[in-house]
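End of the sequence shown sits at 727 in the numbering used here; the numbers just go up one at a time, nothing left out.
Even for Gly, the Cβ is constructed at its ideal location relative to N, Cα and C.
Have a look at the structure below, then the notes.
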Amino acid sequence: MKNSLFKLFKFLFIINLLILQTANAIEEEKASLNFVNADIESVIKAIGQISGKNFIIDPRVKGTINIASATPIPPSMAYQVLLSALRTQGFTATESNGIITILPEADAKMRYSPTVSGNNKVRGDQIITQVFVIKYESANLLVPILKPLISPNNIINAYPNNNMLVITDYAENLRKVAKLISTIDQPSSVENEVIKIKYANAVELTQVISKLVETNTGAEQSRKMIVVAEPRSNSIILRSDNAGQVSRAKNLIQQLDARASSGNSIHVVYLRNADAKKLAATLQALTANSSDAFSSVDNTTKSTPMITNGVVSSATNANPTVLNLVTPITATTAMPFSESNTSSSPSSSMIQADSSTNALIITAPDHVFNMLRGVIDKLDIRRAQLYIEALVAEVSTDKASEFGIQWQDLQSLGGNSNNIRSFSGTKFSTNGASITSVAQNVGSASNGLNIGLFKGQINVPGLGTITNLGVLAHALESDANANILSKPNLLTLDNEEAKIVIGQNVPFITGQYAQTSGGSINPFQTIERKDVGLTLKVKPQISESDTIKLQIYQEVSSVSDSANSAGITTNKRSIETSVMVDDGNIIVLGGLIEDRITETINKVPLLGDIPVLGNLFKTQGREHKKTNLMVFLRPYVMRDGNAANTITNDRYEYIRNQEALVSPKPNWILPDFPVVEMPDIDKKLYTKPLFEKEMDPKKVESSK
24 MKNSLFKLFK
34 FLFIINLLIL
44 QTANAIEEEK
54 ASLNFVNADI
64 ESVIKAIGQI
74 SGKNFIIDPR
84 VKGTINIASA
94 TPIPPSMAYQ
104 VLLSALRTQG
114 FTATESNGII
124 TILPEADAKM
134 RYSPTVSGNN
144 KVRGDQIITQ
154 VFVIKYESAN
164 LLVPILKPLI
174 SPNNIINAYP
184 NNNMLVITDY
194 AENLRKVAKL
204 ISTIDQPSSV
214 ENEVIKIKYA
224 NAVELTQVIS
234 KLVETNTGAE
244 QSRKMIVVAE
254 PRSNSIILRS
264 DNAGQVSRAK
274 NLIQQLDARA
284 SSGNSIHVVY
294 LRNADAKKLA
304 ATLQALTANS
314 SDAFSSVDNT
324 TKSTPMITNG
334 VVSSATNANP
344 TVLNLVTPIT
354 ATTAMPFSES
364 NTSSSPSSSM
374 IQADSSTNAL
384 IITAPDHVFN
394 MLRGVIDKLD
404 IRRAQLYIEA
414 LVAEVSTDKA
424 SEFGIQWQDL
434 QSLGGNSNNI
444 RSFSGTKFST
454 NGASITSVAQ
464 NVGSASNGLN
474 IGLFKGQINV
484 PGLGTITNLG
494 VLAHALESDA
504 NANILSKPNL
514 LTLDNEEAKI
524 VIGQNVPFIT
534 GQYAQTSGGS
544 INPFQTIERK
554 DVGLTLKVKP
564 QISESDTIKL
574 QIYQEVSSVS
584 DSANSAGITT
594 NKRSIETSVM
604 VDDGNIIVLG
614 GLIEDRITET
624 INKVPLLGDI
634 PVLGNLFKTQ
644 GREHKKTNLM
654 VFLRPYVMRD
664 GNAANTITND
674 RYEYIRNQEA
684 LVSPKPNWIL
694 PDFPVVEMPD
704 IDKKLYTKPL
714 FEKEMDPKKV
724 ESSK
């Protein structure tokens, strides 16, 4: 027992001795710092030896530093003291892979610095980058609040996509910023208050309440209340973080939501997009249908009806009566019909359109007007527009060749003109002139190569003296290519027909007769003018999914022959169809692909069939005609002003560039004329006052 106690005391004594030795060793590791006007590089080297850290010093780090410690400090604290002293001189440290770089503070954010997120465990004056995830507030709104707390040479940025803040600054300063962010980034106390409107119209009350809210200034402006109308349930939604403000608005709404003094009230509704006349006709038809529904309910039973899935039933009548109500009426049938409601049926309502102000004047009971106002809000929307690019591409090639030999023999068998004469020869109806016509007039030879042999002249009865042309050889080859491209563009509203015509207005003879007056004949003609050229007529129907149904008529026509006595001959290619196409996609409407080969041979029977020699008794021709015609179309749906401006600016700049290409270039001998240029689309079209020449120059100068 004594041996055991002795061993225990001995073990405890050894442990205490080791603890004292360790404490003495730690006490020995502490160092006292005393640097007065010491060179920065020397101080950094001394701290490196004390703390065991490796430093890289930027050449721009120059100057003296003062550090004094009254009591010894451990090596880790010596490093933090160095960072604080360097910060007073405008220098800092960045750490990477165990190596610490001392450099000017302004360049520290461009070098590698530790990046942390969440809790920042780094302390002291070391520069780090920390990412803060903002949960409730807006990161963009926090930037101006936190920026004054960040050092001038460091940065703070917001990343709106993930609602984050990225800040590069000293670690100790970021700990303070984190506490401030946690204090500000708290769940909002904003709640939505839904108020059911019984008698008034929610849309009109919203306009009144919104005007009162917008007049708030100062502290109230920072806690602005949002007022939204919900037409389907005739309710108002209030949203604000100020409970008192919501309570005052709620009391005001309850005071305004009072029963009308008379059965009918007069309301004026100003339309933003719809046409007052067309919408008035729609609403009149709606009220007429609904009045029939009301009358059917009154004639069926006098008890209060109940509506379930479009079927009206009564407590006293087991047989249900089906109501044929239009959609806007059934949308508002959540309010049960009572005796007071049925007494003022929509048949007593009156709807008038005022074209000058594009407004509707509605005289109706409040519950009927609320129903109509919901329909108006849904119909009075901005109508979509459609920009259509049509492309008519025609590529045609026409190749032809012909070769033939004609001959004739005109002989007189005696010297006397009354003697017998002989005539023989070949004549073919080709595109060129025949040998007889060339004999009468050499200038009438057709295009191409013409080779003839003749001797003198001969007098032919009926023709007179002509050239005695014995042989005529004709050869011709033609090659014609055409590439025609037309790009008509058109802009129109949804469900509105648009038409563009580019061409000529050509007169066509429809009748003619002659009048005899006093022995003279007065001819008279009746004509009708028609458009000849390019015509595009479109009527679109745009769906909510940007799928477009198009009724299209496209025509390309041209004058082919105007010398015919019977009238003008025109070439015409037209397409009339209805298609379905998606927004921005190209669709082919139709076209023509024609490849025609024609071969003609005119020859003398039997003689023309002789090999080789038969070519002297025939004329042959060959023609190849190929036509490719295609019509394409691409629509663009424009639902807002930005889309229309984008396309308008693009087309405007295209025309400006084309105009610049054809502007006359300066010439050393020809006089210079003023160049007509289209103005920049961002500037005013007219930069000078109207009738400037007639105005007083002093007044013009003062107006400028």
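**Asked** CB-CB under 7 Å to Ile179, same chain, minus the five flanking residues each way: which ones, in chain order?
**Response** Taking the sequence shown and counting its residues from 1, the one referred to as residue 179 is at position 156. Cβ within range, chain order: Val166, Leu169, Lys170, Ile173, Leu188 and Ile190.
**Message:** Classify Ile624: buried if its beta carbon has 16 or more other beta carbons within 10 angstroms, exposed otherwise.
**Reply:** Mapped onto the sequence shown, residue 624 falls at position 601. Classification of Ile624: exposed, given that the 10 Å Cβ count is below 16.
**Message:** Taking a contact to mean a Cβ-Cβ separation below 8 Å, would you say Ser378 touches Lys300 in this structure?
**Reply:** Position 355 of the sequence shown holds residue 378. Position 277 of the sequence shown holds residue 300. Contact flag set, yes.
**Asked** How about Asp554 and Asn528: do their beta carbons lie closer than 8 Å?
**Response** Position 531 of the sequence shown, counted from the first residue, corresponds to residue 554. Position 505 of the sequence shown, counted from the first residue, corresponds to residue 528. Yes, these two residues count as a Cβ contact at 8 Å.
**Prompt:** For Arg396, is the classification buried or exposed, using 16 other Cβ atoms within 10 angstroms of its Cβ as the cut-off for buried?
**Reply:** As a position in the sequence shown, residue 396 is number 373, starting the count at 1. Counting Cβ neighbours within 10 Å, Arg396 comes out buried, since at least 16 surround it.
**Request:** For my contact list, Val654 and Gln577 are in at a C-beta cut-off of 8 Å; report their separation, rounded to the angstrom.
**Result:** Locating residue 654 in the sequence shown gives position 631, counting from the first residue. Locating residue 577 in the sequence shown gives position 554, counting from the first residue. About 6 Å separates the two Cβ atoms, so the contact holds.
**Segment limits, beta strand (DSSP E) that includes Asp584** = Counting from one through the sequence shown, the residue named residue 584 turns up at place 561. Per DSSP, Asp584 belongs to the beta strand (DSSP E) from Thr570 to Asp584.
**Message:** For the structure I just gave you, are there three or more beta carbon pairs, one from the segment 110-123 and one from the segment 156-165, closer than 8 Å?
**Reply:** no
**Request:** Would you mind working out which of Asp81, Asn638, Val418 and Phe696 sits nearest Asn506, comparing C-alpha positions?
**Result:** Position 483 of the sequence shown, counted from the first residue, corresponds to residue 506. Comparing Cα positions, the closest option is Val418.
**Item:** Whole beta strand (DSSP E) elements within the segment 278-310, 3-residue minimum
**Value:** 288-293
**Distance CB(Leu652)-CB(Gly614) smaller than 8 Å** = Taking the first residue of the sequence shown as 1, we reach residue 652 at position 629. Taking the first residue of the sequence shown as 1, we reach residue 614 at position 591. Yes, they are a contact pair.
**Nearest neighbour of Glu646, chosen from Ile620, Val59 and Ala201 [CA to CA]** = Taking the sequence shown and counting its residues from 1, one reaches residue 646 at position 623. Considering only alpha carbons, the answer is Ile620.
**Request:** Counting only the same chain and skipping the five closest in sequence on each side, list residues whose C-beta sits under 6 Å from that of Ile481.
**Result:** Translated into the one-based positions of the sequence shown, residue 481 becomes position 458. Cβ neighbours of Ile481 beyond the five flanking positions: Leu433 and Asn491.
**Asked** For the beta strand (DSSP E) that Asn60 lies in, which residues bound it at each end?
**Response** Reading the sequence shown from its first residue, position 37 is the one you call residue 60. Taken as a continuous stretch (DSSP letters only), the beta strand (DSSP E) holding Asn60 covers Asn57 to Asp62.
**Close-in-space but distant-in-sequence residues of the same chain around Ser457 (CB under 6 Å, 5 per side omitted)** = In the sequence shown, counting from the first residue as 1, residue 457 sits at position 434. Contacts found: Lys450.
**Item:** Presumed contact (8 Å Cβ cut-off) between Leu559 and Leu513, rounded CB distance
**Value:** Start at 1 with the first residue of the sequence shown, and residue 559 comes out as number 536. Start at 1 with the first residue of the sequence shown, and residue 513 comes out as number 490. Confirmed, Cβ separation roughly 6 Å.
**Item:** Three-way DSSP call (helix, strand, coil) for Asn196 in this model
**Value:** The residue given as residue 196 occupies position 173 in the sequence shown. Three-state DSSP puts Asn196 in a helix.
**Asked** Between the C-alpha atoms of Met248 and Ile598, what's the straight-line distance to the nearest angstrom?
**Response** As a position in the sequence shown, residue 248 is number 225, starting the count at 1. As a position in the sequence shown, residue 598 is number 575, starting the count at 1. Looking at the two C-alpha atoms, the distance is approximately 58 Å.
**Three CB pairs or more closer than 8 Å across the segment 492-504 and the segment 408-415** = no
**Request:** Just tell me which of Val154, Leu228, Ser205 and Ile63 has its CA closest to the CA of Ala194.
**Result:** As a working note, residue 194 is residue 171 in the sequence shown. Out of Val154, Leu228, Ser205 and Ile63, Val154 has the C-alpha closest to the C-alpha of Ala194.
**Prompt:** Are Thr94 and Ala61 touching if we call contact CB-CB under 8 Å?
**Reply:** Position 71 of the sequence shown, counted from the first residue, corresponds to residue 94. Position 38 of the sequence shown, counted from the first residue, corresponds to residue 61. Not closer than 8 Å, so no.
**Neighbourhood of Asp400 by C-beta, 8 Å cutoff - its chain only, sequence neighbours within 5 removed** = The residue you call residue 400 lines up with position 377 of the sequence shown. Closer than 8 Å at Cβ, skipping near neighbours: Val226 and Pro254.
**Item:** Inter-residue spacing [alpha-carbon to alpha-carbon] between Ser270 and Asn257
**Value:** Here residue 270 refers to the residue found at position 247 when the sequence shown is read from its first residue. Here residue 257 refers to the residue found at position 234 when the sequence shown is read from its first residue. Ser270 and Asn257: Cα-Cα distance of roughly 19 Å.
**Item:** beta strand (DSSP E) segment containing Ile624, residue limits
**Value:** Against the sequence shown, residue 624 aligns to sequence position 601. Element bounds for Ile624: Ile610 to Lys626.
**Request:** Helix, strand or coil for Ala468, going by three-state DSSP, please let me know.
**Result:** Position 445 of the sequence shown, counted from the start, is the residue given in the question as residue 468. If DSSP states are grouped into helix, strand and coil, Ala468 belongs with coil.
**Asked** When DSSP labels each residue in this structure, what does Pro530 get in the three-state scheme?
**Response** On the sequence shown, position 507 is the one that residue 530 refers to. Strand at Pro530.
**Message:** Helix, strand or coil for Thr331? Go by DSSP, reduced to three states.
**Reply:** Counting from 1 along the sequence shown, the entry for residue 331 is found at position 308. In this prediction, Thr331 has a pLDDT of 36, which is less than 50 and means its spatial position is unreliable; what the coordinates show is noted afterwards. Reduced to three states, the DSSP call for Thr331 is strand.
**Message:** Once DSSP output is grouped into helix, strand and coil, what is the label at Gln209?
**Reply:** Looking up residue 209 in the sequence shown gives position 186. Looking at Gln209 - three-state DSSP - the assignment turns out to be coil, as it is neither helix nor strand.
**Message:** Assuming the contact rule is C-beta atoms closer than 8 Å, Phe392 and Ser233 should be a hit. Round their C-beta distance to whole Å, please.
**Reply:** Counting from one through the sequence shown, the residue named residue 392 turns up at place 369. Counting from one through the sequence shown, the residue named residue 233 turns up at place 210. About 20 Å separates the two Cβ atoms, so there is no contact after all.
**Asked** alpha helix (DSSP H) containing Lys394: first to last residue?
**Response** Locating residue 394 in the sequence shown gives position 371, counting from the first residue. Just to set this straight, residue 394 is Met in the shown sequence, not Lys. That run of the alpha helix (DSSP H) goes Asp389 to Leu402.
**Prompt:** Taking C-alpha atoms, which residue in Gln209, Asn184, Lys641 and Trp691 lies nearest to Gly427?
**Reply:** Position 404 of the sequence shown holds residue 427. Ranking Gln209, Asn184, Lys641 and Trp691 by Cα distance to Gly427 puts Lys641 first.
**Prompt:** Between the beta-carbon of Leu164 and the beta-carbon of Ala101, is there less than 8 Å?
**Reply:** As a first step, residue 164 must be located in the sequence shown, where it is residue number 141. As a first step, residue 101 must be located in the sequence shown, where it is residue number 78. No, the pair does not count as a contact, with Cβ atoms beyond the cut-off.
**Asked** Beta carbon of Val19, beta carbon of Leu476: below 8 Å?
**Response** Past the boundaries of the shown model lies residue 19; the chain is included only from 24 to 727, so the question cannot be answered.
**Asked** In whole angstroms, what is the alpha-carbon distance linking Ala304 and Leu294?
**Response** Counting from one through the sequence shown, the residue named residue 304 turns up at place 281. Counting from one through the sequence shown, the residue named residue 294 turns up at place 271. If I take the Cα positions, the gap works out to 14 Å.
**Message:** Please return the same chain residues whose Cβ sits closer than 7 Å to the Cβ of Asp569, not counting the five positions on each side in sequence.
**Reply:** Taking the first residue of the sequence shown as position 1, residue 569 is located at position 546. Result list for Asp569: Asp605, Asp606 and Val660, in chain order.
**Prompt:** beta strand (DSSP E) containing Gln643: first to last residue?
**Reply:** Position 620 of the sequence shown, counted from the start, is the residue given in the question as residue 643. Per DSSP, Gln643 belongs to the beta strand (DSSP E) from Lys641 to Met661.
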